[in-house]
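Number of protein chains: 2
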Amino acid sequence: MFSVDNFFSFSPMKSRSTLKHIAEHLHLSISTVSRALKDHPDIAAHTKQKVRELAELIEYEPNAFAIQLRTNASKVIGVIVPEISGYFYHAFIAGLEDEARSWGYSLMILQSGNDPETESANLRLCRMNRAAGILVAAASGTTDLSPFDRTDAAGIPVVFFDKVPESRQFPKVSMADAEAGFLSADTLISKGRKNILALFGDHALSITRKRLKAFQGTFQRHAPDSRLTIRHARSQQESRQITFDAICLEEYDAVFAMSDEILAGAMKAILQRRLRIPDDIGVLAISTGLIPSLYEPEISYIETSGEKLGKRSFEILHKCMSKAAPHGEFLVPATFIEKGSL
Amino acid sequence: MFSVDNFFSFSPMKSRSTLKHIAEHLHLSISTVSRALKDHPDIAAHTKQKVRELAELIEYEPNAFAIQLRTNASKVIGVIVPEISGYFYHAFIAGLEDEARSWGYSLMILQSGNDPETESANLRLCRMNRAAGILVAAASGTTDLSPFDRTDAAGIPVVFFDKVPESRQFPKVSMADAEAGFLSADTLISKGRKNILALFGDHALSITRKRLKAFQGTFQRHAPDSRLTIRHARSQQESRQITFDAICLEEYDAVFAMSDEILAGAMKAILQRRLRIPDDIGVLAISTGLIPSLYEPEISYIETSGEKLGKRSFEILHKCMSKAAPHGEFLVPATFIEKGSL
DNA sequence: GTGAAAGCGCTAACAA
DNA sequence: TTGTTAGCGCTTTCAC
Chain A
632 MFSVDNFFSF SPMKSRSTLK HIAEHLHLSI STVSRALKDH PDIAAHTKQK VRELAELIEY
692 EPNAFAIQLR TNASKVIGVI VPEISGYFYH AFIAGLEDEA RSWGYSLMIL QSGNDPETES
752 ANLRLCRMNR AAGILVAAAS GTTDLSPFDR TDAAGIPVVF FDKVPESRQF PKVSMADAEA
812 GFLSADTLIS KGRKNILALF GDHALSITRK RLKAFQGTFQ RHAPDSRLTI RHARSQQESR
872 QITFDAICLE EYDAVFAMSD EILAGAMKAI LQRRLRIPDD IGVLAISTGL IPSLYEPEIS
932 YIETSGEKLG KRSFEILHKC MSKAAPHGEF LVPATFIEKG SL
Chain B
632 MFSVDNFFSF SPMKSRSTLK HIAEHLHLSI STVSRALKDH PDIAAHTKQK VRELAELIEY
692 EPNAFAIQLR TNASKVIGVI VPEISGYFYH AFIAGLEDEA RSWGYSLMIL QSGNDPETES
752 ANLRLCRMNR AAGILVAAAS GTTDLSPFDR TDAAGIPVVF FDKVPESRQF PKVSMADAEA
812 GFLSADTLIS KGRKNILALF GDHALSITRK RLKAFQGTFQ RHAPDSRLTI RHARSQQESR
872 QITFDAICLE EYDAVFAMSD EILAGAMKAI LQRRLRIPDD IGVLAISTGL IPSLYEPEIS
932 YIETSGEKLG KRSFEILHKC MSKAAPHGEF LVPATFIEKG SL
């Protein structure tokens with residue numbers, strides 16, 4: 632058989648392992664080697680055998696660039712998010728990576744820092760690298776969708792997730808915000824909470840409006856006698872202040888937080904007032920689950936899982952890449968996770 | 632001048648914009664166009680002008696594959712971590728991405744799931760994609776370093792971070808664990824805490840041993856009369872149980888947690904016992920900062936910033952990529968962040 | 001100042 | 001069953 636020394640002596644230089652090297656050493660043509668390695672039916676069994684042995688011996692690894700140039704397609708998915716850290720996107724990326732890897736794709740991660748310019752530059756990068764597809768959580772300032780059009784026109788499917796634009800042009804994947812809002816209200820009602828401080832985020836965000844609308848609607852329909860105090864906070868600090876002021880002024884039997892950030896602020900106020908959960912006050916949040924697990928008792932929450940959103944997003948994008956071209960908005964369901972805070 | 636229609640009419644088919652297209656339309660050679668676009672001194676100013684105009688008009692974007700194949704180098708950095716989510720790595724990735732982007736590099740993110748096999752497969756992927764360099768937080772089961780050798784031998788520099796192997800062969804970047812341990816002890820001492828419940832992670836981990844050694848050493852040297860109760864926990868749950876049992880049994884004047892996970896568990900016990908911070912008990916942790924900010928009062932901590940580690944790691948890798956080949960272990964300093972828990 | 005030509009490593013007709 | 005050939009889009013000598 633062969634020995635590594637034997638082989639490398641053939642090509643004494645920095646000999647990177649290529650089809651050509653294998654071919655030369657085996658006195659075969661490059662295409663025969665190429666076919667043998669892909670188990671092409673035309674190739675004789677013993678030839679395949681020989682080729683594979685040598686390939687393994689010299690640890691042949693195909694040059695992805697050459698393949699990509701030739702086929703004009705890559706196994707890389709571009710992911711553009713406002714920021715990686717924070718409460719949500721890292722979980723999304725983790726779920727996405729899991730799913731993508733199982734299909735042989737890798738992730739190229741880019742942060743926009745919520746800046747449309749950077750976002751557009753990142754898109755360009757994805758185009759230059761002929762990404763197989765792109766997942767985007769839009770920067771909050773993004774209004775001009777033409778960079779996305781261009782990408783789409785270049786044959787690279789674009790799917791929005793989480794922060795999705797109004798346009799009906801691209802497929803979108805997002806959390807079932809209405810369902811989460813409904814579930815939240817329903818849970819509070821079924822637990823008999825009547826006087827609720829409900830904390831929502833910036834009213835300008837569509838996520839806030841969707842969750843709020845379903846939340847309020849459910850109360851009006853199923854528990855019109857409940858007392859709902861709706862407040863909006865734009866940050867953890869604001870959430871904390873608002874909560875603190877509210878619970879000093881009046882006794883609520885539950886606090887509801889529409890997101891992790893809001894929850895974190897509310898919890899600080901509750902801890903500061905040293906209220907007992909769930910006896911003095913109940914707590915419910917819409918969350919990804921990490922933050923609620925940090926308190927004692929743990930906070931019950933409506934789960935909006937980043938991981939699940941990641942996996943689902945891959946599925947949709949995957950369909951787009953195989954020309955199935957789905958359309959419209961896809962929702963990842965929310966579920967109630969019961970802990971001890973209500 | 633040109634119009635888009637005019638240009639595209641020249642090549643009516645799916646005409647992706649390439650140097651060739653520009654060259655044909657301008658009756659120039661491909662090489663001239665290539666040079667013009669890179670502002671080569673040989674090219675006449677007016678030629679450059681014409682070329683650039685048309686390139687802009689048709690939104691020419693170089694084909695990264697072709698460049699990479701030709702130059703056999705990419706602007707992609709491979710990043711292999713046990714998992715993206717959790718307490719730490721997402722912050723690292725965020726910091727790294729920031730720094731990398733400013734140097735024109737993109738990130739290819741891969742999770743090993745703490746599985747050496749997957750880690751090795753991920754390495755292979757990086758090799759196939761001719762990554763410019765690779766950053767690895769080793770899987771906990773990784774003992775065989777040969778896959779890394781192979782990568783290094785292929786001319787792709789490998790730098791370890793956070794979870795670094797014993798081997799002196801590769802450059803490593805990690806948190807200044809000894810310094811963090813020292814600072815923790817020093818802070819507790821200077822705040823006059825005498826009877827301390829100190830919670831550490833799994834004793835098998837080198838991070839634990841380094842922090843513990845410096846922590847204990849500092850007490851022995853500067854406050855030998857202090858009472859130190861050292862405990863080890865392998866999870867949030869364990870940390871909570873250990874803390875709960877300890878504070879029920881005896882009165883401590885401070886709890887120290889060597890990591891976010893340990894802190895989260897300890898805080899649950901403290902919340903459950905309804906101890907007042909900092910009056911009933913002081914709290915100090917080594918942390919990245921998110922978790923401490925969730926409590927009231929916020930927890931003082933020794934910062935081990937994932938972002939900083941990410942930026943520093945890029946610097947080291949960048950040096951490796953430019954043949955400067957640094958050597959040894961680099962440490963990211965720890966700093967004390969004072970909040971209200973001590 | 002510009003062009004011609006070779007070639008990076010691979011795939012896929014088309015030949016033999 | 002295997003080989004020949006023609007590129008994919010770009011960079012880079014080397015000529016003119």
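These protein sequence lines are chains A and B, in that order.
According to the working numbering, the residues represented by the first sequence are 632 to 973, in order.
According to the working numbering, the residues represented by the second sequence are 632 to 973, in order.
Where a beta carbon is used, it is the ideal one built from N, C-alpha and C, also for glycine.
Note that this is a predicted model, so its numbers are computed, not measured.
**Study point:** Test: H652 (chain B) CB closer than 8 angstroms to a CB of chain A
**Key:** H652 (chain B) is outside the set of residues whose beta carbon lies under 8 angstroms from a beta carbon in chain A.
Point to revise | Pick from B:S737, B:K669 and B:T678 that is closest to H656 (chain B), judged by C-alpha positions | key: Nearest neighbour of H656 (chain B) by Cα position, chosen from B:S737, B:K669 and B:T678, turns out to be B:T678.
Review point. Comparing the CB of E750 (chain A) with every heavy atom of the ligand COA, is any distance shorter than 7 angstroms?
Key: In the structure on display, the ligand COA does not appear, and there are no ligands present to speak of.
Practice item. For E714 (chain A), collect the residues of the same chain with a Cβ closer than 6 angstroms to its Cβ; drop the 5 residues on either side in sequence, then sort them by chain order. Key: Closer than 6 angstroms at Cβ, skipping near neighbours: Q742.
Check your understanding: What does a CB cutoff of less than 6 angstroms around K841 (chain B) pick up in its chain, not counting 5 residues either side in sequence?
Key -> Excluding sequence neighbours, K841 (chain B) sits near D808 and A809.
Review point. How many Å lie between L688 (chain A) and H721 (chain A) at the Cα?
Key: Rounded to the nearest angstrom, the gap between the Cα atoms of L688 (chain A) and H721 (chain A) is 39 angstroms.
**Study point:** Contact check, I908 (chain A) vs S857 (chain A), beta carbons under 8 angstroms
**Key:** S857 (chain A) sits away from I908 (chain A), with the two beta carbons spaced by 8 angstroms or more.
Point to revise | Contact set between Y758 (chain B) and chain A, taken where Cβ atoms lie within less than 8 angstroms | key: Per the sequence shown, the amino acid found at residue 758 (chain B) is Arg instead of Tyr. Per Cβ cutoff of 8 angstroms: E692.
Exercise for review: Using the Cα positions of Y932 (chain A) and A897 (chain A), report the straight-line distance between them to the nearest angstrom.
Suggested key: So the alpha carbons of these two residues sit roughly 14 angstroms apart.
Review point. Counting only beta-carbon atoms, is Y926 (chain B) nearer than 8 angstroms to chain A?
Key: Chain A, which has a Cβ nearer than 8 angstroms to the Cβ of Y926 (chain B), makes this yes.
Practice item. Give every residue of the same chain whose Cβ lies closer than 7 angstroms to the Cβ of A965 (chain B), excluding the five residues on either side of it in the sequence, and list them in chain order. Key: The residues M806, A807, E810, A811, L814, I933, E934 and T935, in chain order, have a CB closer than 7 angstroms to that of A965 (chain B) in the same chain once the five nearest residues on each side in sequence are set aside.
Review point. So which residues of chain A does D783 (chain B) contact, with C-beta pairs closer than 8 angstroms?
Key: Residues of chain A passing the Cβ test: none, with the nearest at roughly 14 angstroms.
**Study point:** R862 (chain B) versus A829 (chain B): straight-line alpha-carbon distance, rounded
**Key:** Their backbone Cα atoms lie some 6 angstroms apart in a straight line.
Check your understanding: Between F967 (chain A) and A704 (chain A), what straight-line distance do the alpha-carbon atoms span, to the nearest angstrom?
Key -> Cα to Cα, the separation comes out at about 41 angstroms.
Practice item. If I'm right that R865 (chain A) touches A900 (chain A) with Cβ under 8 angstroms, what's the distance once you round it to whole angstroms? Key: No, R865 (chain A) and A900 (chain A) are not in contact; Cβ-Cβ is about 16 angstroms, not under 8 angstroms.
Check your understanding: DSSP state of S642 (chain B), grouped into three classes?
Key -> Below a pLDDT of 50, predicted positions are generally treated as unreliable, and S642 (chain B), at 34, falls in that range; no measurement from the model is reported.
Check your understanding: With a cut-off of 8 angstroms, does the C-beta of A897 (chain B) fall near any C-beta of chain A?
Key -> No, A897 (chain B) lies away from the interface with chain A (no Cβ there is under 8 angstroms from its Cβ).
Point to revise | Environment of G959 (chain A) [buried if 16+ CB atoms lie within 10 Å] | key: It counts as exposed.
Check your understanding: Considering only residues of the same chain and omitting the five flanking positions on each side of A686 (chain A), which have a CB-CB separation below 7 angstroms?
Key -> Sequence-distant partners of A686 (chain A) (beyond 5 residues in either direction) whose C-beta falls short of 7 angstroms from its own C-beta, in its chain, are I653 and L668.
Point to revise | Limits of the alpha helix (DSSP H) - the one that I901 (chain A) falls within | key: That run of the alpha helix (DSSP H) goes D891 to Q903.
Review point. What residue ranges within the segment 841-898 of chain B form continuous alpha helix (DSSP H) runs of no fewer than 4 residues, ordered along the chain?
Key: Runs of the alpha helix (DSSP H) lying entirely within the segment 841-898 of chain B, each at least 4 residues long, are 867-880 in chain order.
Check your understanding: Does Q699 (chain A) have its Cβ less than 8 angstroms from a Cβ in chain B?
Key -> Interface residue (Cβ-Cβ distance to chain B less than 8 angstroms): Q699 (chain A) is classified as such.
Check your understanding: Is it right to say R905 (chain B) is buried, meaning 16 or more other beta carbons lie within 10 angstroms of its own, or is it exposed?
Key -> So R905 (chain B) ends up on the exposed side.
Exercise for review: Go ahead and pull the three-state DSSP assignment for A916 (chain B).
Suggested key: Here A916 (chain B) sits in strand by DSSP.
Check your understanding: Checking contacts by CB at 8 angstroms: is E714 (chain A) closer than that to chain B?
Key -> E714 (chain A) counts as touching chain B.
**Study point:** Element boundaries [beta strand (DSSP E), containing L776 (chain B)]
**Key:** Where L776 (chain B) is concerned, there is no enclosing beta strand (DSSP E), given that its DSSP letter is neither H nor E.
Exercise for review: May I ask you to report which of helix, strand or coil DSSP gives N826 (chain B)?
Suggested key: Of the three classes helix, strand and coil, the one that applies to N826 (chain B) here is strand, per DSSP.
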